[in-house]
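First the structure, in the form of structure tokens, and then the observations on it.
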Amino acid sequence: MRMSVTTLAPGSSPHPAQASRRTLAGLLAAASPLWACGQPVDPEPSPATAGTTEQLAQVVVTGTRASLMSAQQLKRNSLEVVDAVLADDILKLPDFSVTDALQRVTGVQVARDRGDGTATAIRGLTQMQTTLNGREVFSAGTGRNLEFADIPAEMLASLRVYKTSSASQIEGGIGGLVDMRTRRPFDFAGREAAISLRRVDSQLAQAGANQFSVLASDRWQTAGAGEFGLLVNVSRQDRAWREDQKSTGNPIARSDIVAGQIVNVASSTSEATSVGLRRRTGIAGVLQWRPNEQLELYAEAISARLATRQDSYQINASAAPTFQADSVQLFPGTSDVRRITWTNAPISILSFARDTTDRTRSAALGGSWRDEATTLKLDLSHARSFNHLFFSGPTLAGTAASFTQDVSTPVPFTRVGGTDLLDPHNFQVSSIAYRTRPFEGHLAAGTIDLEQVLQGSFLRTLEAGLRFARRGATDSPGLVFADAPVSGVSAADQAGFAVPNPYGDFLGTGSSNSLAHYIVGNLDAARDAVTYRSAFGITTPIPAGGNPLGLWTIREDTQAAYAATVFKASAWPLDGNAGLRIVRTSESVDGNQALPATGSTAPITIASSYVDLLPSVNLRYRLAPGWQLRAAASKTLTRPNFDQLSPSVTLVRNSVDPTLNQGAAGNPGLAPVRSRNLDLALETYFSATTLAHLTGFVKKVDGFVTTVSDPETHDGVTYQVSRPQNGPMADVRGLEIGYQQFFDWLPGAWRGLGLQANYTYVDSEMRGTGLPLQNFSKNSCNLIGLYEFGQVSARLAYNWRSRFLSGITNIVNLGSQPVYTRGYGWLDASLRWKVSTQLTLALEGNNLLNTRRTSYYTVATRPQSAWINDIQIGLGATLRF
22 MRMSVTTLAP GSSPHPAQAS RRTLAGLLAA ASPLWACGQP VDPEPSPATA
72 GTTEQLAQVV VTGTRASLMS AQQLKRNSLE VVDAVLADDI LKLPDFSVTD
122 ALQRVTGVQV ARDRGDGTAT AIRGLTQMQT TLNGREVFSA GTGRNLEFAD
172 IPAEMLASLR VYKTSSASQI EGGIGGLVDM RTRRPFDFAG REAAISLRRV
222 DSQLAQAGAN QFSVLASDRW QTAGAGEFGL LVNVSRQDRA WREDQKSTGN
272 PIARSDIVAG QIVNVASSTS EATSVGLRRR TGIAGVLQWR PNEQLELYAE
322 AISARLATRQ DSYQINASAA PTFQADSVQL FPGTSDVRRI TWTNAPISIL
372 SFARDTTDRT RSAALGGSWR DEATTLKLDL SHARSFNHLF FSGPTLAGTA
422 ASFTQDVSTP VPFTRVGGTD LLDPHNFQVS SIAYRTRPFE GHLAAGTIDL
472 EQVLQGSFLR TLEAGLRFAR RGATDSPGLV FADAPVSGVS AADQAGFAVP
522 NPYGDFLGTG SSNSLAHYIV GNLDAARDAV TYRSAFGITT PIPAGGNPLG
572 LWTIREDTQA AYAATVFKAS AWPLDGNAGL RIVRTSESVD GNQALPATGS
622 TAPITIASSY VDLLPSVNLR YRLAPGWQLR AAASKTLTRP NFDQLSPSVT
672 LVRNSVDPTL NQGAAGNPGL APVRSRNLDL ALETYFSATT LAHLTGFVKK
722 VDGFVTTVSD PETHDGVTYQ VSRPQNGPMA DVRGLEIGYQ QFFDWLPGAW
772 RGLGLQANYT YVDSEMRGTG LPLQNFSKNS CNLIGLYEFG QVSARLAYNW
822 RSRFLSGITN IVNLGSQPVY TRGYGWLDAS LRWKVSTQLT LALEGNNLLN
872 TRRTSYYTVA TRPQSAWIND IQIGLGATLR F
């Protein structure tokens, strides 16, 4: 169905006040768990919903109301359980980034990396499928999905999060599917042009950057060739950023600290400041051609690039063999050391440039033909993605006369005494690091879909389709590891090399409880690696490729076929869809294995194939006008990440502290993660922008992949190596509650107030371990205050998630130690003023609470890390022509 949209006169009210009062009163009880938190787009019904949509009356909407109305209507009309975020103006999702917009959706959680959202999870599961305009899309790297941070938010018209499956959906997500939709020229009535400008200042980085986006679209009718449409969209976002992280080393068991007792003491402290610039660029072009009413053809191309420039300064102080006996304090009733002063403690200072580039390009040709009863769609696409890491910089080594660590404070206290950390004569240059690592991936896919409308029967439509895809991934030429030792060189020997740490306001608190003031290596020349190395007498050439043991190339072919039907009962208010998707997956993994007898390596190829039958059914029962009961059942799968299938191992040595040697390896024997899913939902729609919903879900997950870290010895050197493995069966159960409303019954300007609120409860457990699945928060919620009246629109959005398991590490004498990240909240806000129909001004804020995130090993007396990111303030303007 298509929705008619008309401009709302300033100050008028689109909904009867009496109905709104009843809505609020009736929903307060249902929404009570939420208090535990501390340009319109016409939704296009999927083929599964064609002919079954519920026709709504024409409504009067504007701005935020329009986007909420369209999203609500999409949710109501879909046969699947789906939530959506739609642009509330041209070139404007309601948040800074795609991930920020996604985290507002019920059941979606995100983590944080350099101020951007990352590791998006649906109902606690990061194993999702990502599509762009219905096509599979990805970022090259260790995972299979798209990094949402790669895509400028201004390029998107909508985000749709599907919680339940249907046979026509591309397989690959046990958590769900996220479909991003860009604009097309036929979305607009005629010519459209807009430009958006924004300045974003970052408080911690003490820097700002500019952003812009341009969209131009037109459609025209020809005399004999039909109608054409052309759209071009260009976006560039620059953002200065800074992230501070203070980490406490894993606990180690010592028997020499307290007489007659084995105690656990932190092995080190690490304080790192990373600062830089992120440039996110997107270009999209779409050509549409409608020769006649039955046929429509299109060609589109999209390119996205995210480049991150990063300078990092990190100081590490380690536990020593000796300590001040009278300094030792334990947490009462435990064997965990609270405070201790080490003597002659090893100090290392790392300064490094760490730059990354993500680039994704895709192109597609396709079209659709339809008559009164038949629709045929064809789509051919090709996507290619590239990721590159560059890492270069010096390591300084020295010794502190004393190093005091007190882990009982909210952020552990650290202090060095008897040694001037700003004196370069106290440090030697121990090594110069150089590392590069590429990832590449490509995907060629073709799909054909057929839909036949049936008249006068229980079965309303029959659907069938085929999809063929060939995907490849590689890390060739591998991790180039060219760290080189330096001997006999003091940090004071080269003029201008050793400089004071430029970021002494560590964690925004200065030096009162941290090692904030110390020398670092000057990074001005670090990106010219050859010159930088030669300045320290390093003449060893940088190798062209990495260790063969770290190389892998993977080819994956999939053939999928599906058949489905949409049905509607004549005697009952019941409709739905049901179908079966059959998928054959063939994989070939190339790598290298070690030959201990000869000390050489040999190539290895492992091939496998498997077939999955993925049934699904979605039911909808209309209990009463405005009330819907849904039920859905399905089987889904997620294939292992490509790096997880690698038969190779990558090892990274630490030249100062061998206990920090690390490694990563794959497991070509990994099986896909498969899940059986059941959903039951109740939804009620009181008006065009007012709804409440309650959804319960159960997932039985088999073979969930976990990462286990164990000490391994390679060539006589011990590394802490992480390997993936299929875990035991896992149960995921949860509940989602959502509510939104504008309070139109309030008097005067108060009627512009509105509220969106949602709460998600997810309970998970890996059978036999007692541990939840990683990156699951049991509780999460969103509270979003809305205001729209006349020319003014405002939004205050708070997101919170509870504690979650973020990793597991195995420690000598202590065994497996789960790492938990504490719960935290995140506050964003925006204020917009529509000066005229052409000009809108905006003021936006991100991370307004200056949130500090913290984590710990097993118990609170063993802290692990604390992070903070920038408060960001943006000032923008959008001009429409």
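For what it's worth, this note's numbering labels the leading residue of the sequence shown as 22, then goes sequentially.
Glycine included, C-beta positions come from ideal geometry on N, C-alpha and C.
Bear in mind the structure is a predicted one, so any value in this text is a computation, not a measurement.
(message) For residue 125 and residue 149, I'd like the C-alpha separation in whole angstroms.
(response) 17 Å
(request) In angstroms with no decimal places, state the Cα-to-Cα distance between residue 84 and residue 809. (result) 8 Å
(message) For the pair the segment 517-529 and the segment 287-296, tell me if three or more CB-CB distances fall below 8 Å.
(response) In short, these stretches touch, since the Cβ pair count reaches three.
(message) Can you check which of these residues, 408, 393, 383, is closest to residue 400 by C-alpha distance?
(response) 383
(request) State buried or exposed for residue 138, treating a residue as buried only when at least 16 other CB atoms are found within 10 Å of its CB. (result) Result: buried.
(message) Could you tell me which whole beta strand (DSSP E) segments of length 3 or greater appear in the segment 712-738?
(response) Qualifying beta strand (DSSP E) stretches, in chain order: 726-735.
(message) Can you find the residues in the same chain that come closer than 7 Å, C-beta to C-beta, to residue 88, ignoring five residues on each side of it along the sequence?
(response) 61, 107, 108, 109
(request) Can you give me the Cβ contacts of residue 57 inside the same chain, cut-off strictly under 8 Å, excluding the 5 residues immediately before and after it? (result) The predicted model places residue 57 with a pLDDT of 44, which falls under 50 and marks its position as unreliable; any figure quoted below should be read in that light. Correct list, in chain order: 780, 800, 802.
(request) Would you decide whether residue 793 is buried or exposed? Buried here means 16 or more other CB atoms lie within 10 Å of its CB. (result) The C-beta of residue 793 has 16 or more other C-beta atoms within 10 Å across all chains shown, which makes the residue buried.
(request) Report the residue from 691, 868, 489, 162 whose alpha carbon sits nearest the alpha carbon of residue 849. (result) Nearest option by C-alpha distance: 868.
(message) On the criterion of 16 or more Cβ atoms from any shown chain inside 10 Å, does residue 334 qualify as buried, or is it exposed?
(response) Buried.
(message) Could you compute how far the alpha carbon of residue 73 sits from the alpha carbon of residue 589?
(response) A caution first: residue 73 carries a pLDDT of 39, below 50, which makes its placement in the model too unreliable to give a value.
(request) Express the C-alpha separation of residue 223 and residue 271 in angstroms, rounding to a whole number. (result) 32 Å
(request) Kindly list the residues whose CB is nearer than 6 Å to the CB of residue 611, restricted to its own chain and excluding five residues on each side of it in sequence; keep chain order. (result) Excluding positions up to five away in sequence, the list reads 574, 626.
(request) Quick one: give me the first and last residue of the beta strand (DSSP E) that residue 473 is part of. (result) 449-474
(request) Check residue 241 in the structure and name its three-state DSSP category. (result) strand
(message) Taking the straight line between their C-alpha atoms, what separation do you get for residue 413 and residue 842?
(response) 30 Å
(message) My output table needs one value for residue 861: the three-state DSSP class, helix, strand or coil.
(response) Residue state, collapsed to three classes: strand.
(request) Rank 577, 460, 543 by C-alpha distance to the C-alpha of residue 490 and give the top, closest one. (result) 577
(message) Taking 8 Å as the threshold (C-beta atoms), are residue 510 and residue 450 in contact?
(response) yes
(message) Within 8 Å, do at least three Cβ pairs link the segment 453-470 to the segment 146-163?
(response) yes
(request) Identify which residue in 339, 392, 329, 602 has its Cα closest to the Cα of residue 366. (result) 339
(message) Across the segment 390-410 and the segment 419-426, are there enough close Cβ pairs to call them in contact, namely three or more that are closer than 8 Å?
(response) The segment 390-410 makes no contact with the segment 419-426, as fewer than three CB pairs between them are under 8 Å.
(message) Report the CB separation of residue 688 from residue 164 in whole angstroms; it is logged as a contact under 8 Å.
(response) Not quite, the Cβ-Cβ distance comes to about 16 Å (not below 8 Å), so this is no contact.
(message) Can you find the residues in the same chain that come closer than 7 Å, C-beta to C-beta, to residue 552, ignoring five residues on each side of it along the sequence?
(response) 546
(message) If distances are taken between C-alpha atoms only, which option among 875, 641, 280, 288 comes closest to residue 273?
(response) 288
(request) Could you pull the start and end residues of the beta strand (DSSP E) that residue 776 belongs to? (result) 774-787
(request) Please report how far the alpha carbon of residue 931 lies from the alpha carbon of residue 166, in whole angstroms. (result) Since the first and last residues shown for the chain are 22 and 902, residue 931 lies out of range.
(message) If we require 3 or more residues per run, which beta strand (DSSP E) segments fall completely within the segment 111-152?
(response) 129-134, 137-143
(request) Mind reading off the beta-carbon distance from residue 702 to residue 218? Whole number of angstroms is fine, and I expect it under 8 Å. (result) The beta-carbon separation of residue 702 and residue 218, rounded to 42 Å, does not stay under the 8 Å limit for a contact.
(message) What residue range does the beta strand (DSSP E) around residue 578 cover?
(response) Residue range 574-589 is occupied by the beta strand (DSSP E) that includes residue 578.
(message) Within 8 Å, do at least three Cβ pairs link the segment 227-243 to the segment 182-189?
(response) With fewer than three CB-CB distances shorter than 8 Å, the segment 182-189 does not count as touching the segment 227-243.
(request) Report yes or no: do three or more beta-carbon pairs, one from the segment 503-523 and one from the segment 595-614, lie closer than 8 Å? (result) no
(request) Flag this pair as touching only if the segment 557-575 and the segment 498-506 have three or more C-beta atom pairs under 8 Å; answer yes or no. (result) yes
(message) So, for residue 323: in the same chain, excluding its five sequence neighbours on each side, which residues have a beta-carbon less than 6 Å away from its beta-carbon?
(response) Its chain contains 305, 383 as the residues whose beta carbon lies nearer than 6 Å to that of residue 323, once the 5 sequence neighbours on both sides are disregarded; these appear in chain order.
(request) Determine the direct distance from the alpha carbon of residue 679 to that of residue 559, and round the result to whole angstroms. (result) Roughly 22 Å separates the two Cα atoms.
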